[in-house]
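For the sequence shown, the positions run 338 to 622 when our numbering is used.
Positions of the beta carbon are idealized from the N, C-alpha and C atoms, including for glycine.
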Amino acid sequence: GRHPVIEQLSPTGERFVPNNVLLDDDKNQILIITGPNMGGKSTYLRQVALITLMAHTGSFVPAEAAEIPLVDRIFTRVGASDSLIRGHSTFMVEMIETANILNNATPRSLVILDEVGRGTSTFDGVSIAWAVVEHLHNSQKVAAKSLFATHFYELTELALTLPRVRNFNISVKEWNDEIIFLREVVEGAADRSYGVQVARLAGLPPSVLHRAREILANLEANAFDRRGMPKLAGDDSAAPPDSEQMRLFTPGEDPLLAEVRRLELEQMTPMEALNYLADLQRKLK
């Protein structure tokens, strides 16, 4: 399938990459879509909704082939906006729209969710998004075919516990700390968000990018508990009774080691490497 508008009006003249989609009630009820910003997640979600709508109006559909069941409603939670007149923040609007979906969707609905939970803190956002996917999967009253695009990579763990959840990602190619968007939807979870690389494309100062990489390395080092299990999916009862939950920016046991392991030496000049080594020595002191 293809997006009927973007394919015709691409401002960059870039060739549109068509992609397949399979949604059913057996093993493909909910697709978790991960990948970098600007990779094409939102386009993919929108083209599925538009193709479904066009088919129901009796129109042609921009696809090589399509088998589309009758859909009672198409629910979407896409984009970010606030409602100043009603006093609703962007996150409040997001939650109102999500509540409408969960309260009214049926097994014959199509649900499109784009970045649900991003308008609040990371932990709150992940928790809400996780619970929303579980409800769409587990509630027999809802059980709608759903596409869920997210940067919360913790959600990809749901495919391990929920039989009708599948992971897909928008593929990219990385070369010399630069990324090339391939626009192709492939099976599996993305291993990273490439947010720092996208920020580099936007022109953030090198000092900010360097510091962002340091913080990212510390956060990734603390993403797992001492048993090597993801903290989000862990069972509190299995943890030692005297264990403490780490806060978001609390260093791990060896933050400097984690930083060194993630160091991209091939991208550094000899002088940068020497300065980095001096900085590590200063931190150790």
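Measuring alpha carbon to alpha carbon, tell me which residue in Ser446, Val398, Glu491 and Ala400 is nearest Leu332.
Given a span of 338 to 622 for the chain in the structure shown, any question on residue 332 remains unanswerable.
Pull up the DSSP beta-bridge partners for Arg414, would you.
Its beta-bridge partners are Leu450.
Tell me the DSSP secondary structure of Lys478 in three-state form.
Coil, per DSSP.
Which whole-angstrom value is the C-beta distance of Leu368 and Leu484, which I expect to be below 8 Å?
Indeed they touch by this definition, with Cβ atoms about 5 Å apart.
For Phe397, which three-state DSSP category applies?
It is coil, neither helix nor strand.
Should Asp362 and Arg503 be called a contact, given that it needs their Cβ atoms to be closer than 9 Å?
Result no, Cβ atoms of Asp362 and Arg503 do not sit closer than 9 Å.
Relative to the C-alpha of Ser458, which residue among Val470, Lys478 and Phe428 is closest?
Ranking the options by Cα distance to Ser458, first place goes to Phe428.
The beta strand (DSSP E) with Glu521 in it runs from where to where?
Its beta strand (DSSP E) spans residues Glu515 to Glu524.
Quick one: Cα of Arg599 to Cα of Arg548, how far?
Cα to Cα, the separation comes out at about 13 Å.
Measuring CA to CA, which of Asn440, Glu511, Asn555 and Leu492 is closest to Asp591?
Minimum Cα distance to Asp591 is reached at Asn555.
In chain order, what residues of the same chain lie with their CB nearer than 8 Å to the CB of Phe518, ignoring the 5 residues before and after it?
Cβ within range, chain order: Pro373, Met375, Gly376, Gly377, Ile507 and Val509.
Just to confirm, is the Cβ distance from Ile516 to Leu546 under 9 Å?
Against a cut-off of 9 Å, the Cβ pair of Leu546 and Ile516 comes out as no contact.
What are the start and end residues of the alpha helix (DSSP H) that includes Asn441?
Its alpha helix (DSSP H) spans residues Thr427 to Asn441.
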